[in-house]
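Engineer: One structure, as structure tokens, below. Some questions next.
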Amino acid sequence: LEASSGLTKVLGPGPAYEIPGNYMDSFDPDEMRTMLADEKGSLAHSRFNIFPNLTVRGLTLGYLFSQRNRSIINDVDPDPNNAENTFEIAERRDHGPVMSLSGSLFGGVLKLGASAVYLIRRDLYKSFEPTEQTVIGDDDYQSGKSLQLTAGARVTFPVALLPTFAAVLRNATSNDWDGVSSNGGPDEIEQTVDIGFSITPQVGKRSRLHMEVNLKDLNNAYDTDVKRRIAAGMEMDFNRRLFLRLGYGDGWGSGGLGVRTKSFILDLTTYAVDRSLEGFREEEDRRWVLSISSGF
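Numbering of the sequence shown is given in this note's numbering, commencing with residue 2 and proceeding in unit increments.
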């Protein structure tokens, strides 16, 4: 589950038991229009992901579902009926079967992995004037299907600090969208390469400090300033049970807390993205993520 700071403003100061219902309302454009009426200019972002899967050594089979909604009432003029105070919504729904394979060589020095998802995507971008009724039809959506392949490799040297180099190739076969709707297909998924380097010093008998730096979109397929593509972070690991994290990405700080047992994982994370298209540290969009995983 994910929510932006703009969404938390409109979830309401009422009883805690009302929060789940209000959160689900964030996926309903009419409800969000009502909740944002007193918070013009606040961007409400919500995302729900679920990935049931079966995992055995080196193989994972599962089904992905992801729903993301964003909405805002632009605060251009104090007059609420000004046509420029538009209500804007964006929606993306992804789902599809997933298969991943992984393996290691030379005692774990080299690890290789690949995943494939038959991605079914539906996008919506629409705006409404202040007095216009919120009506959304099937022809407002852009949809398509695409087989997305991701491949990665990691090399860990078995020496002090465990220096590790990693690389990931996304959309490895440069697939485009098939079966697009009459309104066109979703935005193209570019082929990109991400690279990273990390060290993991042992700081006690039961504690480790993992530090890494990454460069996303090495080939700059999305034409983004390099300052926004650099990410760095560290994680303190206490007995493989408690994890504390600090990081940096898109010009803003991030942090998190994780708890893990043999059959249960809980993570609470905060990060931010820059809402500006070309600037750097101009418009912070702070987000909060709760992730729960359980298996047997």
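Each residue gets a CB set at the ideal place from its N, CA and C atoms; glycine is no exception.
#1: Going by other Cβ atoms of all chains shown within 10 Å of its Cβ, with 16 needed for buried, is residue 159 buried or exposed?
#2: Residue 202 to residue 251, Cα distance in whole Å?
#3: What residues match up with residue 90 in a beta bridge as DSSP calls it?
#4: Do we get a CB-CB distance below 7 Å when we pair residue 287 with the residues of chain B?
#5: Per DSSP, what are the beta-bridge partners of residue 100 in this structure?
#6: Mind the definition here: the segment 124-132 touches the segment 162-178 only if three or more C-beta pairs lie below 8 Å; say whether that holds.
#7: Starting from residue 24 and walking both ways along the alpha helix (DSSP H), at which residues does that stretch end?
#8: Tell whether a beta-carbon distance below 7 Å holds between residue 152 and residue 117.
#9: According to DSSP, is residue 214 part of a helix, a strand, or is it coil?
#10: Looking only at C-alpha atoms, which of 163, 293 and 150 sits nearest to residue 190?
#11: Among the residues of its own chain, which have a CB less than 6 Å from the CB of residue 215, if the five just before and after it don't count?
#12: Hey, residue 261 and residue 238: beta-carbon distance below 7 Å or not?
#13: Can you tell me whether residue 157 is buried or exposed, with buried defined as 16 or more other CB within 10 angstroms of its CB?
Structural biologist: The short version:
#1: exposed
#2: 26 Å
#3: 72 and 127
#4: Among the chains of the structure shown, chain B does not appear; only one protein chain is present.
#5: 62 and 117
#6: Verdict: no, contact absent.
#7: 20-26
#8: no
#9: strand
#10: Put simply, of 163, 293 and 150 the residue whose alpha carbon is nearest the alpha carbon of residue 190 is 150.
#11: Excluding positions up to five away in sequence, the list reads 197 and 232.
#12: no
#13: buried
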